[in-house]
Amino acid sequence: MAEARRSTTEPLPIVRRKHWGRWISAAIILVLLILLGIALGNAQIQWDSVPEFLWYRVMAVGLLNTVLLAVIAQGSAIVIGIVIALLRRSANPVARWFAAGYIWLFRGLPVLLQILIWYNLALVFEFISIPLPFGGYLLHEQTNVLITAFTAALLGLALNESAYMAEIVRAGLNSVDSGQTEAAKSIGMSPGATLRRVVLPQAMRVIIPPTGNDFINMLKGTSMASVIGVTELIHAANNISSNNLLVMETLLAAAVWYMVVVTVAGVGQHYLERAFDSEDRSRSAFSRAAKALRTAPLVRSERV
Amino acid sequence: MSEPLLKAVGVRKSYGHTEVLGGIDLEVHKGQVVCLLGPSGAGKSTFLRCVNHLETIDAGQVWVDGEPIGFRLRDGKLYELKEREVARQRRDIGMVFQRFNLFGHRTALQNVVEGPVRVLGVPLEEAREQALDLLDRVGLAHRADAYPAQLSGGQQQRVAIARSLAMKPKLMLFDEPTSALDPELVGEVLAVMGTLAAEGMTMVVVTHEMGFAAEAADEVVFMADGAVVETGPPGELLSSPKHERTKQFLARVLA
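So the protein lines, in turn, are chains H and E. Our numbering numbers the first residue of the first sequence as 62 and each following residue consecutively. Our numbering numbers the first residue of the second sequence as -7 and each following residue consecutively.
Structure below.
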């Protein structure tokens, strides 16, 4: 004890802590992983057939439909979401109530239920028509023809997501200080120009990260379209396994594709965020999205 | 004397049941600098915001250069204007805010260019030259490409003044332009405002800087509780106020 209290001027060696706990927990994790690997090795899975299934024609169709559904649904959801968010902030109380009700309804119902409702719309409406004021129709078509399985899935996914997007956009718009709007007004900018030139560009930094998250969710959410027979990845996998009964192998092939598209989307999100966060904030949203594409390593050319 | 550039008549404004402005009358002639003084909560800022219709008024009128702000006079009645039409009127009325409110996603130069290009339709090259001139006048030509976040408060406020001037306004409103600044940065902003005043710009300034009011103002207006208490040339009002409220306020501020 006496030694510990005595201070000294000569340099003393420092002994670092050993962190035994870290070594032990790392060992436990590795052992568990090895055991899991052994278990999987003993599983009755024909591993070598998985890569084969990846390139089946129906898998390619499934992959295409999954990506198409996700991209179109997310794109429409962003547009509708912006409109609903603006209504939600409108001075018109009826518009505000409508927007709140819209979000309440489309966010509240399960996506699967919404998809099923759209898919079965023909049961209650035989025709969908938009009549013209002096006779005749702008649109008059059997619901069955108009709303295919793909359209029904698209409607269900897009409308559900648009409710979430409306909240994301609203949060983004609210994040921009009201002083920005006042400054824009004070130099005589119209309300539309104020929104486009001043508020939205600054709201993007808040809007983009959760939107990227939602898009990744959307990519997986398309799997619900399999229920109504859209040939997306899950349906494609089931399609193959109903012939060869290799259920797990085909599902794993679908899993691989999901991980691929989700990873690509994640990388894209990273570069998009970086582009919108960069110093050069003067560019339009479009040119910055283009910049994100250019700087992403997968498409980067030699010159850059 | 000629018709005043700014004429406020009986301007009233309430938030809910709280009356913030209880009938303000004010006249500012072309080239005049008027300082609004008074304790916080007196309604000075609210009144200033009524002048360019950032706040709607409940009663009374605000005339700038013979036009009722926020309204159109027809058949002896004032018809409320659409937001787009109010935007047109605001082109001629510059405003400088306490919190600067520079557009955060644009450089100093882009902040100044935005109004002329987007609102007035000035060609970009021409607007850039004018903007650089203006930045030079506020002593910030060398910071043209800096973003607001990279500028000090005083620099931001000077860019904000340049942004307002770029619209070639007839009237400039300053809403406590130095209240959010560190003490050592107040001087550079006041210097720019002083030059502006000397050049003949018509200005209405809400401020707590008694020195600026004494030097630059042609007229000082003391407000309290949503009303004008007393008005006069700075020499008179600041040194020998007539009203008890004014005396109390000045005693506290100048102490």
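Where is the CB? At the ideal position from N, CA and C, for every residue including glycine. Source: prediction; values computed, not measured.
Arginine 237 of chain E to leucine 173 of chain E span [Cα, whole Å]
27 Å
Okay, do the region 194 to 201 of chain E and the region 24 to 31 of chain E touch, 3+ Cβ pairs below 8 Å being the bar?
yes
Cut-off 6 Å between Cβ atoms - residues of its own chain near glycine 233 of chain H, not counting five sequence neighbours on either side:
Ala264, Val267 and Ile268
So what does DSSP say about methionine 164 of chain E, is it helix, strand or coil?
strand
Quick one: what does DSSP say proline 262 of chain H is sitting in, helix, strand or coil?
helix
In the region 256 to 284 of chain H, which residues sit with their C-beta less than 8 Å from some C-beta in chain E, listed in chain order?
Arg258, Val259, Pro262 and Gln263
Excluding the 5 residues flanking glutamate 106 of chain E on each side, which residues of the same chain have their C-beta closer than 7 Å to its C-beta?
Phe95 and Arg98
How is aspartate 137 of chain E classed by DSSP in three states: helix, strand or coil?
coil
Whole-angstrom Cβ separation of glycine 50 of chain E and lysine 5 of chain E, contact assumed at under 8 Å?
Residue 50 of chain E is actually aspartate in this sequence, not glycine. Confirmed, about 5 Å.
Please work out which residues of its chain come closer than 8 Å, Cβ to Cβ, to alanine 326 of chain H, disregarding the five sequence neighbours upstream and downstream, and give them in chain order.
Gly273, Phe276, Ile277 and Leu280
Through-space distance from arginine 83 of chain E to glycine 110 of chain E, alpha-carbon basis
For the sequence presented, residue 110 of chain E should be read as arginine rather than glycine. Distance between the alpha carbons of arginine 110 of chain E and arginine 83 of chain E: 12 Å.
For a quick check, are the C-beta atoms of isoleucine 85 of chain E and leucine 157 of chain E less than 9 Å apart?
no
Quick check on the burial criterion: 16 or more other C-beta atoms within 10 angstroms. Buried or exposed for glycine 217 of chain H?
buried
Amino acids of chain E, ordered along the chain, whose beta-carbon sits closer than 7 Å to that of glycine 240 of chain H:
Phe89, Arg91 and Asn93
Below-9 Å beta-carbon distance, glutamate 340 of chain H vs any chain E residue
Caution applies to glutamate 340 of chain H, whose pLDDT of 49 falls short of 50 and renders its modelled position unreliable; the model cannot decide the point.
One or two residues paired with histidine 201 of chain H in a DSSP bridge:
H:Ser190
Per-residue burial, glycine 93 of chain E [other beta carbons within 10 Å of its own, 16 or more giving buried]
It should be pointed out that residue 93 of chain E corresponds to asparagine in this sequence rather than to glycine. Flag for asparagine 93 of chain E reads buried.
What residue range does the alpha helix (DSSP H) around methionine 307 of chain E cover?
Absent from the structure is residue 307 of chain E, since the part of chain E shown begins at -7 and ends at 247.
Proline 194 of chain H versus leucine 200 of chain H - alpha carbon distance:
12 Å
For the alpha helix (DSSP H) that contains isoleucine 99 of chain H, what are its first and last residues?
81 to 103
Against chain E, which members of the region 175 to 197 of chain H pass a CB distance test of less than 7 Å?
none
DSSP bridge partner residues for serine 6 of chain E (one or two, in chain order)
E:Glu11
Would glutamate 106 of chain E count as contacting chain H if we go by Cβ distances under 9 Å?
yes
May I ask you to report which of helix, strand or coil DSSP gives glutamate -5 of chain E?
coil
Out of curiosity, what's the CA-to-CA distance linking valine 132 of chain H and serine 151 of chain H?
29 Å
CA-CA distance, asparagine 299 of chain H and alanine 315 of chain H?
10 Å
Counting Cβ pairs closer than 8 Å, one from the region 72 to 83 of chain E and one from the region 137 to 153 of chain E, do we hit at least three?
no
In the DSSP assignment, the beta strand (DSSP E) including leucine 65 of chain E goes from what residue to what residue?
63 to 66
For valine 20 of chain E, which residues does DSSP report across the bridge?
E:Leu(-2)
Exposure of alanine 247 of chain E, with buried meaning 16 or more beta-carbon neighbours within 10 Å
exposed
Neighbour flag for arginine 135 of chain E against chain H, beta carbons, 9 Å:
no
DSSP on glycine 52 of chain E, reduced to helix/strand/coil?
strand
Is it the case that the region 206 to 222 of chain H contacts the region 179 to 189 of chain H, given that we only count it when at least three CB pairs across the two stretches are under 8 Å?
yes
Leaving out five residues before and five after arginine 250 of chain E in sequence, what residues of the same chain have Cβ atoms less than 8 Å from its Cβ?
This structure cannot speak to residue 250 of chain E, because chain E is shown only from -7 to 247.
Please determine, among E:Met159, E:Gly15, E:Pro175 and E:Asp125, the residue with the shortest C-alpha to C-alpha distance to alanine 0 of chain E.
E:Gly15
Specify the secondary structure class of leucine 70 of chain E as computed by DSSP and reduced to three states.
strand
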